[in-house]
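Enquirer: This is the structure I have questions about; it appears just below.
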Amino acid sequence: MSSLDKETVRRIAYLSRINVSEEGLTELAGDLTRILDFVEELQEVDVEGCEPLTSVADLTLPLRKDEVTDGNIQQKVLSNAPMTDAGCFVVPKVVE
Amino acid sequence: MTYIIEGSTGPWEIVVGLEVHCQVVSNSKLFSGASTKFGNDANSNVSLVDAAMPGMLPVINAECVRQAVKTGLGLKAQINKESVFSRKNYFYADLPQGYQISQFDKPIVGKGTIILDMPDGTTKSVGIERLHLEQDAGKSMHDQDPKYSHIDLNRSGVALMEIVSDPDIRHPEEAGAYLTKLRAIVRYLGTCDGNMNEGSMRCDANVSVRRPGEPFGTRCEIKNVNSIRFVMQAIEIEAKRQVEVLESGGEIIQQTRLFDQRLGETRAMRSKEMAHDYRYFPDPDLLPLVFDDAFIAEIEKTLPELPDEKKARFINENGLSAYDAGVLVAEKEKADYYEIVAKGRDGKLAANWVITNLFGALNKAEVGIAESPVTAENLGKLIDLISNDTISGRIAKDVFEIMIETGGDPEKIVEEKGLKQITDTGAIETAIDEVIAANPDKVQEIRDGKDRMLGWFVGQVMKSTGGKANPGMVNKMLRDKILG
Amino acid sequence: MTDLTKLTLAEARDGLAKGDYTSVELTQAHLKSMEAHRNLNAYITETPDKAIEMAKVSDAKRAKGDAGNMEGLPIAVKDLFCTEGVQTTAASHILEGFKPEYESTVTSKLFDNGAVMLGKANLDEFAMGSANTSSYYGNVINPWKGKDGKNLVPGGSSGGSAAAVAGGMALAATGTDTGGSIRQPASYCGIVGLKPTYGRCSRWGVVAFASSLDQAGPMTKTVRDAAIMLGSMAGHDAKDSTSAPMAVPDFEAALTGDIRGMKIGIPKEYRVDGMPEEISKLWENGVAMLRDAGAEVVDVTLPHTKYALGTYYIVAPAEASSNLARYDGLRYGQRVMDEGDSLDDMYSKSRAAGFGKEVQRRIMIGTYVLSAGYYDAYYNKALKVRRRIYEDFANAFGKVDAILAPTAPSAAFAIGENEDDPVKMYLNDVFTVPASLAGLPGLSLPAGLSSEGLPLGLQLIGKPFDEETVLRVGGVLESAANFTAKPFGQEG
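Which chain is which? The protein sequence lines are A, B and C, in order. Positions 3 to 98 (this note's numbering) are the ones given, in order, by the first sequence. Positions 963 to 1446 (this note's numbering) are the ones given, in order, by the second sequence. Positions 1005 to 1496 (this note's numbering) are the ones given, in order, by the third sequence.
Set out below in structure tokens:
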């Protein structure tokens, strides 16, 4: 059922923000199609009335107290950044 | 209330739904222990979780959950005892994780209602589709450098409640009334400070137009409008634009638009041009948020009296008109002020003074109730001075002027300025006698049945006593003397 | 003097306690071995200075009578655990040079218990792989050699950890397991690897691959060593919402050697088509050993086993596509940006240059299965099948105490094999993935040799939070199998 065309791969690559060359798209289309073919067999499983399992942890969400326990670590937050200025991260200009 | 745009091809109706983001009042962020304080140094209220460092994990803040439930209760909405956090995936400079933790198909609060108090005293109910919790993004600043944008993550991860209305709004003024009411509710509840100009309450408006009775048209979303007035303007302008497009044979393209208040226009956002696909899925770092009835009951106990209940009480117990009651409950501070003034006094008289005199004066001075120079206690005292005949209503107005100027205590003002009402029969009688003596012809007219001349005599007596004579006594004594 | 790199963790612990040697000596011996075996590329970053420093502190602590459970024991840390001030790469170019300002919960616990870090072990990029051939920092070579002397893969993704332990370059190592990344390399390298129950060890500070599956665990020379080390890694962590609020038992005390009356399940669905004869034989031997030790062997059925790989290769990439969105060249790691580039250009170039092929493939497949129109057919369907798999195990564990199966369908293969088709590589995880999807504890231990003389592992799968039974049965199997073969250079 699922054969990915180049345009679909181009769109996935864009959504993933990964630059892919034209040849790369063709190669990826092949690889991704093989993977999709491989997972295709799931379609035959009867999952009628089956709730999706999102976590095996048999727990509910633990709540934490509303206390300020973190922050004021500007230097640590910025220490690995490729580019900073005036306490901020710096990126190419964003147009809204 | 109807709002129709008369196009060249006939009438158009507008359909509006609002998405309001309310910043939750809490000390720390939704999923990290960093402070929510506004205005600190860039990237100082940021934890390693907020900066999305590798391997960092979210842990939810109980208070944000309580605040969302409280708001849901305030909106008379369905509280979902099990809800799920999902990731909304997209890339943006101020979104460090590359996804926003939000709620998608299982929000914490479901359907509810907001009753709008329209300026003409009528009400209208607008459905709430849902309320969900999500993280705020950071801030991009574009004016620091010609080539670069600066990113500050102080707001990144602060809890927001997104409150989505049904597309029930048909008039720009209804949108205004909706926002006013929603803001009042969250402020009453203390779950959001409601300051639109500081960004703690932000509004996106979904606007479409249609022929009356027809199905909904294609909508456009106007993003991030930051005042109630601008929301109303943006809706009007966007609806007109859509009508023009449709009437000139064009088609409305579903898109995200920005409102430019300076140019008075909306325009498509460039950054949103590329089609996106948010790929929502349940956040595997978080488990389902589950609580029981006791948790909700505990929060229910802390609910204050809300605007609608307060309004009903003002109408039923204080005898106010729906309009006056609506004006008073619109802001919690106003209602609180009024309640102090009205306590142990005539509720209607108190409402008149608060609405007509005080709000009138505050509007003129362009200050809010919180900065009112006249305290509620002092306004109450002023009303007491009228009620116990210490001063007349007219003098009271003068005293009030002085109170607005100086913030002074009305008892002292009356004392110092010698404004006490004359209730001494002898003094009033003397004044009456003088006026009667000077106007024998007019006395005769009254005796001949021209009753309304009596008012003229009252006026003359009041004038001669500098307004201080008790008008009731003047009236009665005049009547006795002339007609007696 | 004994070769200190041939000691087990337990032996070294006892030797340190008796004063036979110091932690500094133990550490130096391992640093020397690391240097000697650099050709195996087991480490991305060696931290000799830090190791000696930590060993000195440890010796001083011991002298004061204050020794932790891992006191003075030198270990390798998979380079997926964030270590404060020490480069943490996840074997990716995109994180090259990244020095975390924080220490992962698991490594903090180990260090608090006295463990000494020798360095950061190599792995598959972002733990995505089964052969350790996707690391930006080069392939890891298995200390074991094939008959023809070819270089073999150590398995993956914790290939560096497994090679380090097997090759005497660490007494033990931390690993992480998402679909078999501890157990499969343990099998390929002839060591013990334990993936604990999901939620047993904190994920805080571990670079995330697939959050609903990732679990840290010990990679050691013996089952006892695994029990000792797990005790220092496990425990509730309030910083991880999926961490189980459960007490940490004395795992070592579970090694009673007595499994009489225990019921061991044999899942018939694991007898897959084309299973090599030597793997079936290994499995049968394991069954016989457990039976001889007094356990009752019972057939069980796990009907959805054949769908586990497909489920895994939807769920894991989906989560990964989102987890890896944060590597955008903005706040840390590599950035590629040319004059006039837009923000999107910066993202796309940085991520294209920073991620290797397999990682890119998984991000894209994950993006696809979550995208509009495909979510229900792929992702949501996989979650439903995942529940079926989970229920299969729950049913089986209604009847048995543990399940025995092979760890991997083969012994270690030559570097370069299975690289032509991504799916071929995925098949190596066929026996490890089901327990991962169900969040169950799984232990791999060496139980025999292939015809080529390479180690083969058997896997024990237990009930949730019942690592003790897994370790107890594992201990018995280990004694019975008496696996004494050593890789080249580690004999005698």
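Think of the CB as a built atom: it goes at the ideal place given N, C-alpha and C, for glycine as much as any other residue. Just so you know, these numbers come straight off a predicted model, no measurement behind them.
Nearest chain B C-beta to A:SER23 closer than 8 angstroms, yes or no?
Expert: It does not: the Cβ of A:SER23 has no partner Cβ on chain B nearer than 8 angstroms.
Enquirer: For B:ASN1437, collect the residues of the same chain with a Cβ closer than 8 angstroms to its Cβ; drop the 5 residues on either side in sequence, then sort them by chain order.
Expert: Once the five neighbours on either side are set aside, the close Cβ partners of B:ASN1437 are LEU1416, VAL1420.
Enquirer: Excluding five sequence neighbours on each side, which residues of the same chain lie with their C-beta closer than 6 angstroms to the C-beta of C:GLN1091?
Expert: Closer than 6 angstroms at Cβ, skipping near neighbours: THR1049, LYS1103.
Enquirer: So, for C:TYR1378: in the same chain, excluding its five sequence neighbours on each side, which residues have a beta-carbon less than 8 angstroms away from its beta-carbon?
Expert: The answer, listed in chain order, is TYR1372.
Enquirer: Taking just the CA atoms, how far does C:LEU1127 sit from C:LEU1114?
Expert: So the two alpha carbons sit approximately 20 angstroms from each other.
Enquirer: Select from the stretch 1099 to 1114 of chain C all residues with a C-beta closer than 7 angstroms to any C-beta belonging to chain A, and list them in chain order.
Expert: Residues PHE1102, LYS1103, GLU1105.
Enquirer: Indicate whether at least one CB of chain A lies closer than 8 angstroms to the CB of C:ASP1345.
Expert: Closer than 8 angstroms to some Cβ of chain A, the Cβ of C:ASP1345 qualifies, so yes.
Enquirer: For the stretch 1004 to 1021 of chain B, enumerate the residues whose C-beta is nearer than 8 angstroms to any C-beta of chain C, in chain order.
Expert: So the close ones are LEU1010, ALA1013, ALA1014, MET1015, PRO1016, GLY1017, MET1018, LEU1019, PRO1020, VAL1021.
Enquirer: Measure the C-alpha to C-alpha separation of B:GLU1235 and B:ARG1219 and round it to an integer number of angstroms.
Expert: With a pLDDT of 49 at B:GLU1235, under the threshold of 50, the predicted position of this residue should be treated as unreliable, though the coordinate-derived value follows. For B:GLU1235 and B:ARG1219, the distance between alpha carbons rounds to 10 angstroms.
Enquirer: Given that A:CYS52 touches chain C, what residues does it touch there, using C-beta distances under 7 angstroms?
Expert: Correct list: LYS1388, ARG1391, ARG1392.
Enquirer: Do C:ILE1367 and A:SER18 have their C-beta atoms within less than 8 angstroms of each other?
Expert: Taking 8 angstroms as the Cβ cut-off, C:ILE1367 and A:SER18 qualify as a contacting pair.
Enquirer: Which residues in the same chain have their Cβ closer than 8 angstroms to the Cβ of B:VAL1187, if we skip the five residues on either side of it in sequence?
Expert: Closer than 8 angstroms at Cβ, skipping near neighbours: ARG1164, CYS1165, ASP1166, ALA1167, VAL1193, ALA1196, PHE1221.
Enquirer: Cβ of B:LEU1010 within 8 angstroms of Cβ of C:GLU1105?
Expert: Contact: yes.
Enquirer: Out of curiosity, what's the CA-to-CA distance linking C:GLY1069 and C:LYS1022?
Expert: Taking the straight line from one Cα to the other gives about 12 angstroms.
Enquirer: B:LEU1248 versus chain C: which residues are under 7 angstroms apart at the beta carbon?
Expert: Per Cβ cutoff of 7 angstroms: SER1245.
Enquirer: Using the C-alpha atoms, what's the distance from C:LYS1243 back to A:LEU65?
Expert: When rounded, the distance between both Cα atoms is 11 angstroms.
Enquirer: Indicate whether the contact test is met: 3 or more Cβ pairs, each with one atom in the stretch 1038 to 1046 of chain B and one in the stretch 1245 to 1254 of chain B, closer than 8 angstroms.
Expert: Yes, since at least three Cβ pairs between the stretch 1038 to 1046 of chain B and the stretch 1245 to 1254 of chain B fall closer than 8 angstroms, the two stretches touch.
Enquirer: Buried or exposed: where does A:VAL97 fall if 16 or more other Cβ atoms within 10 Å of its Cβ makes it buried?
Expert: A:VAL97 comes out exposed.
Enquirer: For B:GLU1271 versus B:ARG1132, is the C-beta spacing smaller than 8 angstroms?
Expert: No, the Cβ-Cβ distance between B:GLU1271 and B:ARG1132 is not below 8 angstroms.
Enquirer: Please name the residue, chosen from B:GLU1333, B:TRP1418, B:PRO1058, that lies closest to B:LEU1440 on a Cα-to-Cα basis.
Expert: For the residues B:GLU1333, B:TRP1418, B:PRO1058, the minimum Cα distance to B:LEU1440 belongs to B:TRP1418.
Enquirer: Excluding the 5 residues flanking C:ALA1415 on each side, which residues of the same chain have their C-beta closer than 6 angstroms to its C-beta?
Expert: SER1454, LEU1458, LEU1460.
Enquirer: Taking the DSSP output, what are the residues bridged to B:TRP974?
Expert: Looking at the DSSP assignment, B:TRP974 forms a beta bridge with B:ILE967.
Enquirer: Is it true that the CB of C:GLN1338 sits closer than 8 angstroms to the CB of C:ALA1312?
Expert: Against a cut-off of 8 angstroms, the Cβ pair of C:GLN1338 and C:ALA1312 comes out as no contact.
Enquirer: What did DSSP end up calling B:ALA1146 once you bin it into helix, strand or coil?
Expert: Note: B:ALA1146 maps to helix in three-state DSSP.
Enquirer: Is the beta carbon of C:ILE1407 closer than 8 angstroms to that of C:ILE1465?
Expert: Contact flag set, yes.
Enquirer: Quick one: list the residues of chain A neighbouring C:SER1375, beta-carbon separation under 8 angstroms, in chain order.
Expert: Those are ILE14, LEU17, listed as they occur along chain A.
Enquirer: In terms of alpha-carbon separation, which member of B:SER1064, B:GLU1135, B:HIS1094, B:ASP1114 lies closest to B:ASP1079?
Expert: Per the Cα distances, B:GLU1135.
Enquirer: Report yes or no: is there a C-beta of chain A within less than 8 angstroms of the C-beta of B:GLU1235?
Expert: In this prediction, B:GLU1235 has a pLDDT of 49, which is less than 50 and means its spatial position is unreliable; what the coordinates show is noted afterwards. False, the Cβ-Cβ gap to chain A never drops below 8 angstroms.
Enquirer: Can you tell me whether DSSP reads B:PHE1192 as helix, strand or coil?
Expert: Residue state, collapsed to three classes: helix.
Enquirer: For C:HIS1041, go through chain A and note every residue whose CB falls closer than 7 angstroms to its CB, in chain order.
Expert: Per Cβ cutoff of 7 angstroms: no residues; C:HIS1041 is ~31 angstroms from chain A at best.
Enquirer: For a minimum of 4 consecutive residues, which ranges assigned as the alpha helix (DSSP H) are wholly contained in the stretch 52 to 81 of chain A?
Expert: List check, alpha helix (DSSP H) in window: 76 to 80.
Enquirer: In the DSSP output, what is C:THR1178 paired with across the bridge?
Expert: Per DSSP, C:VAL1081, C:PRO1222.
Enquirer: If you draw a straight line from the alpha carbon of B:THR1100 to that of B:LEU1115, how long is it in whole angstroms?
Expert: Residue identity check: residue 1100 of chain B is Gly in the sequence provided, not Thr. Approximately 4 angstroms between the Cα atoms of the pair.
Enquirer: CB C:GLY1479 to CB C:ARG1204, shorter than 8 angstroms?
Expert: Taking 8 angstroms as the Cβ cut-off, C:GLY1479 and C:ARG1204 do not qualify as a contacting pair.
Enquirer: Using C-beta distances below 8 angstroms, list every residue in its chain close to B:ASP1254, excluding the 5 sequence neighbours before and after it, in chain order.
Expert: Excluding positions up to five away in sequence, the list reads LYS1043.
Enquirer: Rounded to the nearest angstrom, what separates B:LYS1032 and B:THR1153 at their Cα positions?
Expert: Rounded to the nearest angstrom, the two C-alpha atoms are 8 angstroms apart.
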